[in-house]
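Trainee:
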Amino acid sequence: MCKVLEVHRSGYYAWKQRPESARSRANAELLEKVREAFLFSRYTYGSQRIHKYWLQKGYNYSRFRVARLMRKAHLIPLKARRWHPQTTKQHYGDRIAPNILNQKFQATKPNEKWVGDITYIDTAEGWLYLASIMDLYSRKIVGWAMADRMNTQLVEKAWKMAVVNRHPQVDLLHHSDRGCQYTSEAYLKLLEAAKCQISMSRTGNCYDNAAMESFHATLKSECAYRQFSSRAEAKSTIFEYIEVWYNRQRLHSSLGYRSPADFEQISGH
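Residues in the sequence shown are numbered consecutively from 42, following my numbering.
1) Does the stretch 273–292 come close enough to the stretch 157–170 to have 3 or more Cβ pairs within less than 8 Å?
2) Mind reading off the beta-carbon distance from Thr193 to Ala235? Whole number of angstroms is fine, and I expect it under 8 Å.
3) Residues bridged to Tyr100 by DSSP?
4) Hey, quick one: how far does the alpha helix (DSSP H) through Val75 stretch, first residue to last?
5) Look at the alpha carbon of Phe81 and the alpha carbon of Leu292, and state the distance between them as a whole number of angstroms.
6) In the DSSP output, what is Asp158 paired with across the bridge?
7) Under a Cβ-count criterion, where at least 16 other Cβ atoms within 10 Å of its own Cβ denotes burial, should Asp176 be classed as buried or exposed?
8) With a cut-off of 8 Å on the beta carbons, I'd call Ser240 and Asn140 a contact; round off their distance for me.
9) So, are the CB atoms of Tyr223 and Met191 less than 8 Å apart?
10) Could you give the C-beta distance for Leu229 and Arg136, rounded to a whole number, given that I count them as a contact under 8 Å?
11) Just to check my reading of the structure: Lys154 and His216 have Cβ atoms closer than 8 Å, yes? What is that Cβ distance to the nearest angstrom?
12) Rounded to whole angstroms, what is the Cα-Cα separation between Cys221 and Trp200?
13) Label Val107 either buried or exposed according to how many other C-beta atoms from any shown protein chain fall within 10 Å of its C-beta, with 16 as the threshold for buried.
14) State the start and end residues of the unbroken alpha helix (DSSP H) segment that holds His293.
15) What does the Cβ neighbour count give for Lys181, buried or exposed, with the cut at 16 atoms within 10 Å?
16) For Glu281, count the other beta carbons within 10 Å of its own beta carbon; 16 or more makes it buried, fewer makes it exposed. Which is it?
17) With a threshold of 8 Å between beta carbons, is Ala251 in contact with chain D?
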């Protein structure tokens with residue numbers, strides 16, 4: 042090999058016996074830290090979130106150095122699918138409400154503003170429908186329900202779970218689209234009984250509920266990115282994703298890279 046490469050044998054052995062440089066050792070140690078955070082994130086964190094992950098633990102690694110090591114080690118995070126808004130089919134004649142939320146997706150305290158929506162999950166047994174309710178204060182999913190039918194009972198179950206979990210005060214702002222599940226008399230009566238302010242997206246403007254749409258897009262890219270073998274498998278996986286990962290561990294850029302649970306605890310709520 043030395044002859045082919047025109048390298049002196051003495052030079053080759055001198056290189057081979059030379060100790061590893063301090064920079065090389067430091068990069069190897071940092072790469073192990075990067076791999077640890079990447080594994081913790083379920084292969085979803087990029088260099089920014091990995092940087093914040095270790096910063097919160099007292100390690101101030103350079104984000105650009107983390108990014109360089111990730112590229113070299115081919116640590117490629119799962120990417121969210123580009124969200125394409127879809128219009129909602131509504132039943133003409135149903136009661137609708139004005140758009141009080143008006144794309145103001147920030148809240149000053151818990152249980153001030155909730156948003157709800159429905160999405161579909163692909164399984165080998167057919168569609169599974171997920172209804173979710175998010176508290177805009179901490180982006181926490183406070184209520185959810187899953188079923189093989191997209192009906193009023195689905196959103197009612199999500200609402201009842203949220204009420205049990207959070208015990209909201211009167212004047213809670215509840216925002217949704219104008220889908221027939223949310224404009225049904227049964228669901229509206231639940232909201233009115235709780236003395237909610239009822240807000241609905243404008244016709245054909247899906248960005249009015251962008252925070253909720255964004256969560257469902259994230260769930261599909263990080264959790265439901267493949268077809269599940271059964272509805273039971275999908276339910277178990279999504280339950281674990283929402284309650285164990287998303288609400289309690291996943292770092293949210295809009296929360297200063299805190300999880301919803303940590304954000305509420307730090308803010309004293």
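Ideal Cβ placement from N, Cα and C applies to all residues, glycine included.
Mentor: A quick look at the data gives this:
1) The way I'd put it, the stretch 273–292 does touch the stretch 157–170; three or more beta-carbon pairs between them come closer than 8 Å.
2) Contact doesn't hold; Cβ gap of about 16 Å is too wide.
3) When DSSP reads this structure, Tyr100 sits in no beta bridge, so it has no partner.
4) For Val75, the enclosing alpha helix (DSSP H) stretches over residues 63–81.
5) Whole-angstrom Cα-Cα distance: 11 Å.
6) According to DSSP, which records beta bridges pairwise, Asp158 is partnered with Ser173.
7) Per the 10 Å Cβ criterion, buried.
8) Going by Cβ atoms, the distance from Ser240 to Asn140 rounds to 6 Å, so yes, they are a contact pair.
9) In this structure, Tyr223 lies away from Met191, with their beta-carbon atoms at least 8 Å apart.
10) Contact holds; Cβ gap of about 6 Å.
11) So it is a contact: roughly 7 Å between Cβ atoms.
12) Going from the Cα of Cys221 to the Cα of Trp200 covers about 15 Å.
13) It is buried - the Cβ of Val107 has at least 16 other Cβ atoms within 10 Å.
14) For His293, there is no enclosing alpha helix (DSSP H), as DSSP marks it with neither H nor E.
15) So Lys181 counts as buried.
16) Per the 10 Å Cβ criterion, exposed.
17) The structure shown has no chain D; it contains just one protein chain.
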